[in-house]
Amino acid sequence: MTGEMSGIFEEFYASAEAGGARPPWDYGAPRPQLVEWAETRDLAGSGREALVVGCGYGADAEFLALLGFRTTGFDFAPTAIAAARRTYPDSEVDYLVADVLDLPRAWQGRFDLVVESLTVQSMPPEQHSVAAQSIAALVAPAGTLLVLATTRDEGAEVEGPPWPLSRTELDAFAYRGLALRRVERIQDGAWWRAELTRGVGDSRT
Ligand SMILES: C[S@@+](CC[C@H](N)C(=O)[O-])C[C@H]1O[C@@H](n2cnc3c(N)ncnc32)[C@H](O)[C@@H]1O
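All letters in the sequence shown, in the order written, are residues 1 to 205 by full-length UniProt numbering.
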């Protein structure tokens with residue numbers, strides 16, 4: 001299924017490059033839900049490490065790099081990663097092709113901030129919990145995971161993609177010592193913004 005889904009996303013990005021419509025999720029700037037979250041806490045990277053999951057064209061990764069994070073962004077669509085590198089030729093962000101379901105072991109427990117926006121919900125529902133756990137495992141001791149997703153009422157059937165997340169599916173990110181600190185239902189209930197943290201001395205990954 002990952003192969004099929006990566007083909008679908010490649011097609012979106014390739015068609016945009018060939019002059020078609022921009023991918024429907026592409027905001028063309030850092031996501032306001034991330035920017036607002038960062039501004040409310042005066043977020044400063046101070047050389048810590050950040051990772052952006054399913055980074056697409058890289059606007060969120062560039063935002064975090066500007067805040068002072070040593071930032072990595074990855075996506076399984078090579079066309080998106082090539083476009084991000086082209087768009088920000090002087091960027092300090094490390095852009096890589098990688099799959100949420102097959103991430104380097106060396107990334108486990110490495111990142112002080114992990115940002116996941118709309119990637120898990122773009123995967124088939126049967127992959128949601130394993131994808132959430134794979135992402136949760138990347139967070140360093142004392143680190144934070146920010147999850148942005150659109151909402152699905154518990155039990156509601158949707159014909160994806162995308163397959164928005166139910167409240168129960170958000171719980172899957174609270175894996176191996178990562179604790180859900182705050183869950184907001186924002187934008188008239190249409191989006192989740194969830195913050196999870198790992199304890200300082202917790203090295204479980
Ligand atoms: C709906 S888009 C969201 C892009 C961006 N995070 C945002 O908020 O605008 C989902 C992104 O995740 C990527 N993606 C989907 N499944 C993935 C997987 N298994 N591994 C890595 N990237 C994936 C897609 O290529 C696409 O760029």
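Every residue gets a Cβ at the ideal spot worked out from N, C-alpha and C, and that includes glycine.
{"Item": "Proximity test, Val100 beta-carbon vs ligand 1 heavy atom, cut-off 6 angstroms", "Value": "yes"}
{"Item": "Three CB pairs or more closer than 8 angstroms across the stretch 152 to 161 and the stretch 93 to 104", "Value": "no"}
{"Item": "For Ser117, the first and last residue of its enclosing alpha helix (DSSP H)", "Value": "That residue, Ser117, is in no alpha helix (DSSP H); its beta strand (DSSP E) goes Phe111 to Ser117."}
{"Item": "Arg176 versus Ala38, Pro164, Phe76 and Pro141, residue with shortest Cα-Cα distance", "Value": "Pro141"}
{"Item": "Per-residue DSSP class, three states only, for Glu195", "Value": "strand"}
{"Item": "Identified DSSP bridge partners for Ile186", "Value": "Trp191"}
{"Item": "Whole-angstrom distance between Met123 and Glu4, CA atom to CA atom", "Value": "10 angstroms"}
{"Item": "Exposure label - Pro164; buried when at least 16 CB within 10 Å", "Value": "buried"}
{"Item": "Local conformation of Tyr95 per DSSP, three classes", "Value": "strand"}
{"Item": "For Val130 and Leu178, believed in contact at Cβ under 8 angstroms, the rounded distance", "Value": "About 15 angstroms separates the two Cβ atoms, so there is no contact after all."}
{"Item": "At least three beta-carbon pairs within less than 8 angstroms, the stretch 30 to 42 to the stretch 8 to 20", "Value": "no"}
{"Item": "Reference Glu92; option with closest CA among Arg182, Thr72, Ile135 and Ala82", "Value": "Thr72"}
{"Item": "In DSSP terms, what Leu51 is bridged to", "Value": "Thr72 and Val114"}
{"Item": "Beta-bridge pairing of Thr151 - partner residues as DSSP gives them", "Value": "Leu165"}
{"Item": "Same chain, Cβ closer than 6 angstroms to Ile186, five either side skipped, listed in chain order", "Value": "Arg193"}
{"Item": "Rounded separation between residue 224 and Tyr88 - CA only", "Value": "Residue 224 falls outside the range modelled here, since the chain spans only 1 to 205, and no answer is possible."}
{"Item": "Range covered by the alpha helix (DSSP H) that runs through Glu157", "Value": "Where Glu157 is concerned, there is no enclosing alpha helix (DSSP H), given that its DSSP letter is neither H nor E."}
{"Item": "Nearest-angstrom Cβ-Cβ length linking Glu49 and Arg22, presumed shorter than 8 angstroms", "Value": "About 30 angstroms; that fails the 8 angstroms criterion."}
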